[in-house]
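Read through the structure below, which is laid out as structure tokens, and then see the notes.
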Amino acid sequence: MANSYDVIVIGGGHNGLVNAAYLARAGKKVLVLERRHVLGGAACTEEIVPGFKFSVCSYVVSLLRPEIIRDLDLPRHGLEILPLDGTFTPMPTGDYLWRVNDHGKTHREIARHSRVDAEAYDEFGKAMQAMCRFVKPILSMVPPDPTTLNPRELMKLLFIGRRFQAMSSYDQYNQVQLMTMSAVDFLDQWFETDVLKATMSASGIIGTFLGVRSPGTAYVLLHHYMGEIDGAFRAWGFARGGTGAISNAIADAAREAGVEIRTQSAISQIIIKNGKARGVVLAHGDEVYADVISSSVDPRLTFTKFIEAQHLPGDFLEDVNRFKFRGSSGKLNMALDGLPNFKCMPGPGAHLRGAISISPSVEYMERAYDDAKYGNFSRRPYIDIVIPSLTDPSVAPPGKHVMSCFVQYAPYKLRPGLNWDDQKEAFGDTVVNTIAEYAPNIKDIIIQRQVITPLDLEREWGLTEGNIFQGELSLEQLFFLRPVPGWAQYRTPIKNLYMCGSATHPGGGIMGANGRLAALEILKDIKGAA
Amino acid sequence: MAAPGHNKSRDVVIIGGGHNGLVTAFYLAKAGYKPLVLERSSQVGGAAVTDEFHPGFRCSTLAHTAGPIQPQIVRDLQLEKHGLKWITPEVCVTALSPHGRALSLYQDGARSAQEIAAFSPRDATKYLEFQHSLGKISKVIAEALATTPPDIDHPSRGDLWSMLQTGRAIRRLGKRDMFRLLRWGPMAVADLAAEYFETELLRAVIAARGVFGTFLGPWSAGSALVLLIRAAGDPHPAGSASFAAGGMGAVTQAMASAAKAAGAEIRTGAEVIGIRIRNEAATGVLLSTGEEIQAKAVISNADPKRTLLKLTDPTHLSPDFVQKLQHYRGHGTVAKVNLALAGLPKFTALNNGDASALKGRIHIGDEIDYLERAFDESKYGNFSRRPYLEATIPSLIDPTLAPEGKHVMSIYMQYAPYQLKGDWPKCDWEEQRNALGQSVVQTLAQYAPNLPELILTHQIITPLDLEEKYGLTGGQIFHGDLALDQFFTMRPLLDWARYRTPIQNLYLCGSGTHPGAGLTGGSGANAAREILKNLKK
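Line order of the protein sequences matches chains A and B. The numbering of the first sequence is this note's numbering, which starts it at 1 and goes up by one. The numbering of the second sequence is this note's numbering, which starts it at 531 and goes up by one.
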């Protein structure tokens, strides 16, 4: 094994792998170092229970940038996305709300709750698409620096300004509200059905320490309309073989392009000589050298664990420490002996194939948040459930199933006197009990369960404070403020050291845009230097 | 009275004699017009009035400190010359903790730092840093607040120029503060306070500025923006305390006198119940008496919803506009309790006899979480049982307000949601009125145990009263929530932030327009400037 490369990528998560693949395709000699035994970071599949393949952390895909799928030819490397159809929200009243991709069906279903809302729902969809057309290019754009007078930066700002001006005043109005309002305030303007608003607003809080009534949560509603699979708008899906299959496909493409990937290769330090990154020290002491270091782990690890403070400007370090993580979610993965049986829609059926959302009312969501504000996990949490084995039988033995439950809120910082190691199982029980209120048979069909707390996410996946997006997706941490004001262009105060993880623009979720944009910036600099 | 309309001097009618209406009236009169101000109650002032609520006891009925009024306006109106006497005690605010500690912040930063040092030396230094950054940033915002929001689709030369000016001002901040400005706006004020300070009491008293009068808790994103808007008029980190001799009513009385001197006419007891519109243009107003007054321009100091959805027949507006305006949010969250006291209450946190710390504002809400929990209850339609309070005892600095040795106490209570649980807010608030007063007095009694026995009488003003008696729709004291999406070019609505309305010759000049935060006169002055441009056309 060589010990000198053009580029070393720290972390083999999906962004690190995308980053590596693009650099290798440009002819660079690239090494990826992954601490764990499996690739993919939070986008991994693991057989926790023999015969049951869990998408341990991240469990659905939607925002993976089409240009990346094309450039890296991922389908040829084994990527296959299976559609996830609809969202089913059971209600304590015995009623339910079941939205599917079939427009007519959804229209009738919503009309069952409110005719007005059924009409508004179509309007809302159209408006959202218009918003997406404005926001999408921004996802594939390197954030400008609003404080310089550099023409190139100003052009980018102007570009955004022009696009905004170009929108109809109706769309401008929506756009501005979307960027600033709370999910519920925004939805209140469109709909009257509580359960509909509650379920839709849920997408606004995922990965943040905000409630559905907190300003700034409306923007994330867009993400659910931005998703794109085979060009089909707002489609969500599973990867066949679990989320890890995405990372494996990217890794495969990277290897084909000549990338060397080492797992179980934790690093302990980034080597810096007179202000330049020169390489890394592995946990077992070996040193590996490279002209460029690209870190896909979060800034807290990169700049406070792997680098000594003396190498960094004081105010930069201050900003890094100020960057908010505050993990607010946990996960429960279960191996099931059968299917849950919902009181409000008994028996198996298509409603189990989509997302099952435990979000019966806006007040329910808000109270779940109130618990978290004071350092408790929600007594009655918001839960997003999927049963991938119904769509992809390969992940469970015949007749058996895997169930993935995303749970919010589970605050990383519990109130004084509580710690996650003690609360872990209580947290798991709360989730099971909550589900049992809607599907009582759940307790009888659990073969085995895996509880993942924010603390586990930090320990096992290196996600500081258990934030699944490597840093809260709140307004003051987006675009040119992400992760550090003035350092949103993937560069760092240390020459030849770059960031390419979810902590950079455009943020978390399996998008890959961060890794790609960072790679393009790195290549730009290398050319510039040459 | 000569037939209006034909009378050239009867060219502008202003609906409502609140402080913004009076400021607008002054500037129009100064420019040679003869505005007529129509105030529905028996005295001008709107939410800035002084009443005798108990024989011999006078008190600022609602607002009890000024924003303060923009210096330019004070100069132009020569308020001092018209009898206004400001009283600004050294102490701005004293925050009390239930554990018997008190933290006083003074106008003088160094002295404040001294006080803070008793809690945390680190916070003392941080306080001065914060004061410095906030001062620089708020200066820039102040410039923005003093301008008319630009027209986004077709910016005029003037717009581009003022945008350029603001842009320059922002650049002068330098990279660090420029980014602070960008970052702070959308933040939760609790996060902002925590970035600087470790003392809960200090965090809370500063965070309070970001939630006062809003439907936000300190953990709500965007509450830092409210702090910044208020800091623009008053850069003191925790807010200063500017009183007027004779209560806030004296401020609006002086404004009225200045407006009259400049040539404006003011009629009280004249309630406008409708705005007359012909061919999509305002032609005058209709009074409750049936009297009609014609005018070339109608300016409303009432809030946008009241003006355009109540006083105007909405059929004159596009459905789209009406819908947007219905979505303009105004959550009332503030109630007011005024007490006539037989003596000065003894606060356990203050060594007896020393009243100097009580001369500013008194802050109750010792922790961020205390404020947040008070907010939580209001989210579900209940008023806070352990409310956040801002109290003043103006009789300490202005003995004319109460008989010898007696005092008046003016208390803002938050959170009191306009919409109580249940569909009939009216009867609910009638039932809850006394319970509200109770929770305020009980809360204060934890800090001043002898307060209850000193109470001679109390005046309780619920959010419903604010709507019915003072015309504040939804009981919202700022004429609409201060929120990211209802600010600057979006106040009250995107495309309608320039004091005009879809109806020709009908203008807005109240707090529901930019900048519209508190008792500053900013909206009135900006509106006058824009309206004059049009009138001259």
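Don't be surprised by glycine CBs; every beta carbon is placed ideally from N, CA and C.
Reduced DSSP secondary structure (H/G/I, E/B, other) of residue i
{"i": "PRO83 (chain A)", "result": "strand"}
{"i": "ALA498 (chain A)", "result": "A small correction: the amino acid at residue 498 (chain A) is Tyr; Ala does not occupy that position in the sequence shown. Three-state DSSP puts TYR498 (chain A) in a strand."}
{"i": "PRO65 (chain A)", "result": "The sequence shown places Arg at residue 65 (chain A), rather than the Pro named in the question. Here ARG65 (chain A) sits in coil by DSSP."}
{"i": "ASP298 (chain A)", "result": "coil"}
{"i": "THR655 (chain B)", "result": "helix"}
{"i": "GLY471 (chain A)", "result": "coil"}
{"i": "THR147 (chain A)", "result": "coil"}
{"i": "ASP291 (chain A)", "result": "strand"}
{"i": "VAL135 (chain A)", "result": "helix"}
{"i": "THR45 (chain A)", "result": "strand"}
{"i": "VAL670 (chain B)", "result": "helix"}
{"i": "GLU728 (chain B)", "result": "coil"}
Proximal chain A residues relative to residue i, where beta-carbon distance stays under 8 angstroms
{"i": "LYS854 (chain B)", "result": "TYR173"}
{"i": "GLY1001 (chain B)", "result": "Those within 8 angstroms of GLY1001 (chain B) in chain A number zero; the least Cβ separation is about 24 angstroms."}
{"i": "GLU902 (chain B)", "result": "LYS373"}
Those residues which DSSP pairs with residue i across a bridge
{"i": "LEU568 (chain B)", "result": "B:ILE545, B:ARG797"}
{"i": "PHE406 (chain A)", "result": "A:LYS331, A:ASP384"}
{"i": "GLY804 (chain B)", "result": "B:LEU816"}
{"i": "HIS893 (chain B)", "result": "B:ALA625, B:GLU920"}
{"i": "HIS113 (chain A)", "result": "HIS113 (chain A) pairs with nothing; no bridge assigned."}
{"i": "GLU582 (chain B)", "result": "B:ARG588"}
{"i": "THR89 (chain A)", "result": "A:LEU97"}
{"i": "MET939 (chain B)", "result": "B:LEU869"}
{"i": "LYS276 (chain A)", "result": "A:LYS273, A:LYS495"}
{"i": "VAL32 (chain A)", "result": "A:VAL9, A:ILE261"}
{"i": "GLN448 (chain A)", "result": "A:ALA335"}
{"i": "SER389 (chain A)", "result": "DSSP lists no partner for SER389 (chain A)."}
Through-space distance from residue j to residue i, alpha-carbon basis
{"i": "ASN1035 (chain B)", "j": "SER668 (chain B)", "result": "34 angstroms"}
{"i": "SER182 (chain A)", "j": "SER214 (chain A)", "result": "5 angstroms"}
{"i": "ASP319 (chain A)", "j": "ARG733 (chain B)", "result": "20 angstroms"}
{"i": "ASP73 (chain A)", "j": "GLU67 (chain A)", "result": "9 angstroms"}
{"i": "CYS344 (chain A)", "j": "PRO90 (chain A)", "result": "7 angstroms"}
{"i": "ILE682 (chain B)", "j": "VAL432 (chain A)", "result": "52 angstroms"}
{"i": "ALA257 (chain A)", "j": "ALA24 (chain A)", "result": "6 angstroms"}
{"i": "GLY860 (chain B)", "j": "LEU1002 (chain B)", "result": "9 angstroms"}
{"i": "LYS550 (chain A)", "j": "ASP721 (chain B)", "result": "No answer is possible for residue 550 (chain A): the residues shown for chain A start at 1 and end at 530."}
{"i": "GLU123 (chain A)", "j": "TYR170 (chain A)", "result": "12 angstroms"}
{"i": "LYS1066 (chain B)", "j": "ALA578 (chain B)", "result": "31 angstroms"}
{"i": "ALA827 (chain B)", "j": "GLY814 (chain B)", "result": "7 angstroms"}
{"i": "GLU395 (chain A)", "j": "LEU336 (chain A)", "result": "For clarity, residue 395 (chain A) is Val in the given sequence; the question names Glu instead. Their backbone Cα atoms lie some 12 angstroms apart in a straight line."}
{"i": "ALA290 (chain A)", "j": "THR302 (chain A)", "result": "16 angstroms"}
{"i": "LEU1014 (chain B)", "j": "VAL623 (chain B)", "result": "27 angstroms"}
{"i": "GLY890 (chain B)", "j": "LEU566 (chain B)", "result": "37 angstroms"}
{"i": "ALA232 (chain A)", "j": "GLY40 (chain A)", "result": "Residue placement at ALA232 (chain A) is poorly supported in this model, since its pLDDT is 49, which falls under 50; the coordinates still yield a value, given next. The alpha-carbon atoms of ALA232 (chain A) and GLY40 (chain A) are separated by roughly 25 angstroms."}
Cross-chain neighbours of residue i in chain A, by beta carbon under 7 angstroms
{"i": "TRP749 (chain B)", "result": "LYS373"}
{"i": "ARG713 (chain B)", "result": "GLU476, LEU481, PRO485"}
{"i": "GLY906 (chain B)", "result": "Checking the sequence, you will find Asp at residue 906 (chain B) rather than Gly. ASP370, listed in chain order."}
Partners in chain B for residue i, counting only beta-carbon separations shorter than 7 angstroms
{"i": "MET181 (chain A)", "result": "ASP1015"}
{"i": "GLN189 (chain A)", "result": "HIS857"}
{"i": "PRO215 (chain A)", "result": "SER750, ALA751, GLY752, ALA1013, LEU1014"}
Contacts that residue i makes with chain B (C-beta to C-beta distance below 8 angstroms)
{"i": "GLN470 (chain A)", "result": "Here the premise fails: no neighbours, minimum Cβ distance about 18 angstroms."}
{"i": "GLN177 (chain A)", "result": "ASP1015"}
{"i": "PRO536 (chain A)", "result": "Given that chain A is displayed from residue 1 to residue 530, the structure contains no residue 536 (chain A) and the question cannot be resolved."}
beta-carbon residue i near the ligand PLP non-hydrogen atom, thresh 7 angstroms
{"i": "GLY12 (chain A)", "result": "This structure simply doesn't include the ligand PLP, nor any ligand for that matter."}
Chain-ordered chain B contacts of residue i [CB-CB under 9 angstroms]
{"i": "LEU210 (chain A)", "result": "ALA718, TRP749, SER750, ALA751"}
Interface partners of residue i on chain A, CB under 9 angstroms
{"i": "ASP1025 (chain B)", "result": "SER169, GLN172, TYR173"}
Segments of 3+ residues assigned as beta strand (DSSP E) that fall wholly inside the region 982-1050 of chain B: Restricting attention to beta strand (DSSP E) runs no shorter than 3 residues, the region 982-1050 of chain B encloses them at 985-991, 1036-1038, ordered along the chain.
Alpha helix (DSSP H) segments (min. 4 residues) lying fully within the region 837-862 of chain B: Runs of the alpha helix (DSSP H) inside the region 837-862 of chain B: 849-856.
Minimum length 3: unbroken beta strand (DSSP E) runs contained in the region 230-265 of chain A: Annotation note: the region 230-265 of chain A contains the following uninterrupted beta strand (DSSP E) runs of length 3 or greater, listed N- to C-terminal: 236-239, 260-262.
Continuous alpha helix (DSSP H) assignments of at least 4 residues falling wholly in the region 595-639 of chain B: Within the region 595-639 of chain B, the runs of alpha helix (DSSP H) that reach at least 4 residues and sit entirely inside it are, in chain order, 601-607.
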